[in-house]
Every structure is written in structure tokens, then in C-alpha cells.
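Working notes for the structure below.
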Amino acid sequence: GDFFLQAADIRDPNDHILSQEDFDEITDFTDLPTSLFACNVHQSVFEDEQRREKFEALFLAYDDHATFQLFKSFRRVRINYTNPKVAARARIELHETKFNGKKLKLYFAQVQNQGSDGDNLHLAPPQPAKQFLISPPASPPVGWQQIDDATPIINYDLLYAVAKLGPGEKYELHAGTESTPSVVVHVCDSEAEDEEELKNSPKPKIIQTRRPDLPPAVSN
Numbered sequence: 013g014d015f016f017l018q019a020a021d022i023r024d025p026n027d028h029i030l031s032q033e034d035f036d037e038i039t040d041f042t043d044l045p046t047s048l049f050a051c052n053v054h055q056s057v058f059e060d061e062q063r064r065e066k067f068e069a070l071f072l073a074y075d076d077h078a079t080f081q082l083f084k085s086f087r088r089v090r091i092n093y094t095n096p097k098v099a100a101r102a103r104i105e106l107h108e109t110k111f112n113g114k115k116l117k118l119y120f121a122q123v124q125n126q127g128s129d130g131d132n133l134h135l136a137p138p139q140p141a142k143q144f145l146i147s148p149p150a151s152p153p154v155g156w157q158q159i160d161d162a163t164p165i166i167n168y169d170l171l172y173a174v175a176k177l178g179p180g181e182k183y184e185l186h187a188g189t190e191s192t193p194s195v196v197v198h199v200c201d202s203e204a205e206d207e208e209e210l211k212n213s214p215k216p217k218i219i220q221t222r223r224p225d226l227p228p229a230v231s232n
């Protein structure tokens, strides 16, 4: 199973320290973890190789194949044994053992059961119906169909009335009252006439900016 490391030095209240009597009464060790966490480890274990070898020798005495994982930021060490019975024995005999002036606190690593509850430990992927909102979409969802744009509504009566008007004329769409204004369409002149007027009009004269006057000379 998988294990996780808690950041605080607080053990589970249901996770009591095994005594020798408890150990002797256990006949099935399969439910116990095979790993221990040593807490309150002296800082020298993480910095000095000889100190680390002496620390590991305490636990290698129970299993030559034990492995170690050091968590310097938490001042903890994880000890992995090959079977839970050896881990239980090491916990009973080495718990609160003094090492380099500090008492070691040994706890079983908590086990995450890989059962039906294991599926709830991770976020579920989004529903397929929502995946098309991701940009860019990998593919449209099942059953998706493209919607054709609706036919635009054209008011032919209005176009006909405006077409009959000549440049400069106006057409009243809505008569005004005492409380509302009237709505009137003014037909602009054609672009050709505007272009012709621009050609015939004289070019504007560009007036240059006058140079500022020089400052008056200072006499000594």
C-alpha cells in the first residue's frame, strides 16, 4: 500500500505504542505496516555520514535488508522493513531510545487501503459533456451537431421606400407627438458627387509655423 508523511509530530490516538505483552498476543501481523517513522531525529543524522551510519545500525540489527528515507525538513526518517513482524519488534525495543541526546519517537507508517475508497482520493476528470469548453477542443462531444445560422430578416418595404428617395431628400418613418420626437431618414449624397467636389475644390494652403523670436542679447 501507499504511505504518507504527516507534517506534525502528532500520532493517531488509536495508534498506541505496542508493548511486549501486545506483541506476544499477536498471531497475525499482516494488518501491520512494514515501515516505521522515526521522529525527533537529531540534526547530525542528516549532515554527518558517520552519525547516519550509527543511526541506521540500530535498525539494521533487526533486518539487514532494511532501507531508509531521510526527510531533513521534518527531521524524520522512514525505515522500511521486509515484513511487519520485524517492524513491530523494532518499534517495541527502539521506541524512546536515546540517540545523540534525543529520544527517538517511532510510529507505524499509516497505510492507504487500495480498495473502493482509493478512487475517492483523486479528483475525477470532467464529464465528457463539459470537455468541449476546453480551448482548443480535442474533439466535439458525442451527439454534437452544428447549428446553422438563422436567415436574416429583411424589411423590403423599408428598402423600397429608401430606394425611391433621391440624394438630399428625407423620409419620415414615425410622426412626432408632443412628448416624442419624429423619426426621419435623410438620404446622403452619392459618393461619386462627394469625390467630384473634392477634386474641384482648391487644395488648402499649408501655413508654416513661425519660428520663435531669439532671446534678447545680454549686454555685459
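Using my numbering, read the sequence shown as starting at 13 and increasing by one per residue. Heads up, the beta-carbon is just placed ideally off N, CA and C, and yes, glycines get one too.
Out of curiosity, what's the CA-to-CA distance linking residue i and residue j?
| i | j | result |
| --- | --- | --- |
| Gln220 | Pro214 | 18 Å |
| Gly238 | Ala162 | Nothing can be reported for residue 238: it is not among the residues displayed for the chain, which extend from 13 to 232. |
| Thr189 | Val195 | 11 Å |
| Glu184 | Arg223 | 55 Å |
| Ser85 | Ala136 | 32 Å |
| Ala175 | Gln157 | 41 Å |
| Gly178 | Asn167 | 19 Å |
| Asp225 | Thr192 | 59 Å |
| Lys66 | Asp60 | 10 Å |
| Pro216 | Asp169 | 44 Å |
| Tyr172 | Ile218 | 46 Å |
Where do the N-terminal and C-terminal ends of the alpha helix (DSSP H) with residue i fall, by residue?
| i | result |
| --- | --- |
| Glu68 | Glu61 to Leu72 |
| Ile104 | Pro96 to Leu106 |
| Leu170 | Tyr168 to Lys176 |
Going by the DSSP bridge assignment, what does residue i pair with across the sheet?
| i | result |
| --- | --- |
| Ser213 | Answer is none; Ser213 lacks a bridge partner. |
| Leu82 | Val89 |
| Phe111 | Lys114 |
| His198 | Lys182 |
| Phe120 | Leu48 |
Is residue i near the ligand ADP, judged by its Cβ being under 6 Å from some heavy atom?
| i | result |
| --- | --- |
| Leu170 | With respect to small molecules bound, the structure shown includes none, and the ligand ADP cannot be examined in it. |
Confirm, please, whether the CB-CB distance from residue j to residue i is below 7 Å.
| i | j | result |
| --- | --- | --- |
| Leu44 | Ala100 | yes |
| Ala78 | Leu72 | yes |
| Glu181 | Val197 | no |
| Thr42 | Tyr93 | no |
| Ala50 | Val98 | no |
| Tyr74 | Ala102 | yes |
| Ala110 | His54 | Residue 110 is actually Lys in this sequence, not Ala. No. Outside cutoff. |
Check each candidate in the options and name the one with the smallest Cα separation from residue i.
| i | options | result |
| --- | --- | --- |
| Gln122 | Asp225, Leu135 and Pro96 | Pro96 |
| Gln81 | Val57, Arg103 and Val199 | Val57 |
| His107 | Asn167, His186, Asn52 and Leu226 | Asn52 |
| Asp76 | Ile91, Ile159 and Leu170 | Ile91 |
| Gln62 | Glu105, Asn112 and Lys217 | Asn112 |
| Leu116 | Pro153, Ile159, Ser151 and Glu68 | Glu68 |
So residue i is in the beta strand (DSSP E); what residue range does that whole segment cover?
| i | result |
| --- | --- |
| His186 | Lys182 to His186 |
| Ala50 | Ser47 to Cys51 |
Looking at chain B, is there any beta carbon in it that lies within less than 7 Å of the beta carbon of residue i?
| i | result |
| --- | --- |
| Gly178 | Among the chains in the structure shown there is no chain B, since it carries only a single protein chain. |
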